[in-house]
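Single-structure report; data block below.
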Amino acid sequence: MSSSFVYASVRTPFGRFNGALADTRTDDLAATALKGLLDRSPGLDPGLVDDVFWGNANGAGEDNRNVGRMAVLLAGMPVAVTATTVNRLCGSSLDAAMMAARMIEVDDAEIAIAGGVESMTRAPWVLPKPSRRFPAGDVTAVSTTLGWRLVNERMPAEWTASLGECNEQLREKFSISRERQDEFGARSHRLAAQAWEKGFYDDLVVPVPGTDLVRDESIRAGTSVEALAGLKPAFRPDGTITAGNCSPLNDGASAVLLGSARAAASIGRDPVARIAGRGWSALEPQQFGYAPVEAANDALERAGITWEDIGAVELNEAFAVQSIACVDAWLELGLRDADVVNAKGGAIAIGHPLGASGGRILGTLAARLVESGERWGLAAICIGVGQGLAVVLENVS
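Counting in my numbering, the final residue of the sequence shown is number 1263, and the numbers go up one at a time with none missing.
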């Protein structure tokens, strides 16, 4: 088979819930990332893009009816460019990149774009239709921002616990203290702020028209372990998970340009990383936070390398506790140092707009490999309802 490569990536700044991007439609966010990606490769004829794979987790509002195709049209790409929308919840845009890579590797495409979008602010309330005409009672509108809704009654209750409760259970299973979680959260903010100050993200982020936001809105540069220790538990009265050691609700979009080796001439630039391995895994739904462990192991095996080879990891920080559990497992398997994980900050600080996060970690990983010169890196993400995804990149810059 052919090889697939990452050529470029961009994303919007990630806005806070009800923040600077709240007035921007979801499909416009998607188009902004897509257009920004194409602007990075001005020599590329957009009509040569064989397909677009776009991640989105909710799809109940302005992201309905195939938001990937909407992004193609709104970004001004030729109408002949096709697009599909992928929903694997938090892993949607990483899944989109995996699909695009496979298409290239089997020679069905030379150039493809993967990306994703989420506006958690603008996710609508939905009103289920009644089972009979003209009901006399009240009907409850359900938020589509995050988590379980309209749950099938045949689902076991333990499977449909809240995301926070699931991670409190994970904390109990692995005996992860509140202190470790707060330290992890403070580190995320500190490293993200430092990365922005040093210019790491300058070429990876494109502004959203009509807004003044130029950096990720949730980052708090002065966050300290002491400050986080004062926050109240969010999911259990005696719990350890707070607003400070888990990811916030966010709005944003990301996009990644992928192609074959032959596509370099058409794209007008050299590739930066090869898609070397992919992995996916599933556990009981309430254990979703730990699913990246086996997904990453499978991706490494398919790449033909081990944890000792990995010089950079981008793990989406849905919660500090699940991130710590995953990193602890990988350290036991041979990961050289926890410091290689999220060295430019993570989702606790940067944010987690569900459908966009996979594209963010993949693009950030490629940029880190270019900056450091390390050969191998891994991007991994946990996914609600018990799944995990991972991708191994090889630096070819």
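By construction, the Cβ of each residue, glycine as well, lies at the ideal position given by its N, Cα and C atoms.
Nearest-angstrom beta carbon gap, residue j and residue i [assumed within contact, 8 Å]
i       : j       : result
SER985  : ASP1117 : 4 Å
ILE970  : VAL915  : Not confirmed; about 12 Å, so no contact.
GLY982  : ALA1119 : 7 Å
VAL1074 : THR1230 : No, VAL1074 and THR1230 are not in contact; Cβ-Cβ is about 19 Å, not under 8 Å.
ALA1161 : GLY1145 : 4 Å
THR892  : GLY927  : 6 Å
LEU1228 : ALA963  : 6 Å
GLY1252 : GLN1188 : In fact, because the Cβ distance is near 12 Å, the residues do not count as touching under 8 Å.
VAL1262 : ALA1169 : At roughly 13 Å, the Cβ-Cβ gap does not stay under 8 Å, so VAL1262 and ALA1169 are not in contact.
PHE1050 : ASN1111 : 7 Å
ASN1182 : CYS1248 : 7 Å
Burial state of residue i (16 or more Cβ within 10 Å)
i       : result
VAL1207 : buried
ALA1087 : exposed
ARG954  : buried
PRO1158 : buried
TRP1269 : One cannot answer for residue 1269 here, as it falls past the ends of the chain, which runs 867 to 1263.
ASP1104 : exposed
PRO944  : exposed
MET867  : exposed
VAL1005 : exposed
GLU1034 : buried
ALA1178 : buried
ARG1053 : buried
LYS1210 : buried
ALA1232 : buried
ASP929  : buried
GLY942  : exposed
ASN1018 : exposed
ARG988  : buried
PRO1114 : buried
ARG882  : buried
GLU1268 : This structure does not reach residue 1268, given that the chain is present from 867 up to 1263, and the question cannot be answered.
ALA1142 : buried
GLU1260 : buried
ARG935  : buried
GLY1221 : buried
GLY1200 : exposed
Beta bridge counterpart(s) of residue i as assigned by DSSP
i       : result
VAL1271 : Lying before the first or after the last residue shown, residue 1271 is absent from the chain, which here runs from 867 to 1263.
CYS956  : ARG954
PHE1185 : CYS1112
ALA1121 : VAL876 and GLY981
SER868  : Partner(s): none; SER868 has no beta bridge.
GLY881  : ASP1117
TRP991  : SER1009
ALA1139 : VAL872 and ASN1261
VAL1207 : VAL1179
ALA949  : VAL918
Span of the beta strand (DSSP E) around residue i
i       : result
ALA1178 : 1176 to 1181
TRP1025 : Counting along the chain, TRP1025 falls outside any beta strand (DSSP E), and DSSP gives it neither H nor E.
TRP920  : 917 to 921
GLY981  : 977 to 985
ALA874  : 871 to 877
Host alpha helix (DSSP H) of residue i (start-end)
i       : result
ILE1216 : 1213 to 1216
ASP905  : 892 to 905
PHE1050 : 1044 to 1063
SER1238 : 1223 to 1238
ARG1168 : 1158 to 1169
VAL1071 : Note, VAL1071: premise wrong, no alpha helix (DSSP H); not H, not E.
MET936  : 933 to 940
GLU1092 : 1091 to 1095
ALA1131 : 1130 to 1133
CA-to-CA distance, residue j to residue i, given in whole angstroms
i       : j       : result
ARG1037 : SER1043 : 7 Å
GLY902  : TYR1156 : 34 Å
ALA1127 : ASP973  : 11 Å
PHE871  : ALA946  : 24 Å
SER875  : THR1108 : 32 Å
MET965  : PRO1001 : 44 Å
ARG968  : ASN884  : 37 Å
HIS1218 : VAL1122 : 17 Å
LEU940  : VAL1091 : 43 Å
PHE1185 : ARG1102 : 15 Å
ALA897  : VAL1072 : 11 Å
GLY1225 : ASP961  : 9 Å
ALA1213 : SER997  : 40 Å
VAL933  : ARG1234 : 29 Å
THR1026 : ALA1148 : 15 Å
TRP841  : ARG1202 : Since the first and last residues shown for the chain are 867 and 1263, residue 841 lies out of range.
ASP1175 : ALA949  : 35 Å
GLY957  : ALA1093 : 31 Å
SER959  : LEU895  : 14 Å
ARG1015 : SER1132 : 45 Å
CYS1032 : PRO1022 : 14 Å
GLY922  : LEU993  : A small correction: the amino acid at residue 922 is Asn; Gly does not occupy that position in the sequence shown. ASN922 and LEU993: Cα-Cα distance of roughly 21 Å.
Residue-level contact to chain D via CB, residue i, 9 Å cutoff
i      : result
TYR873 : Judged by its chain identifiers, the structure shown contains no chain D, having just a single protein chain.
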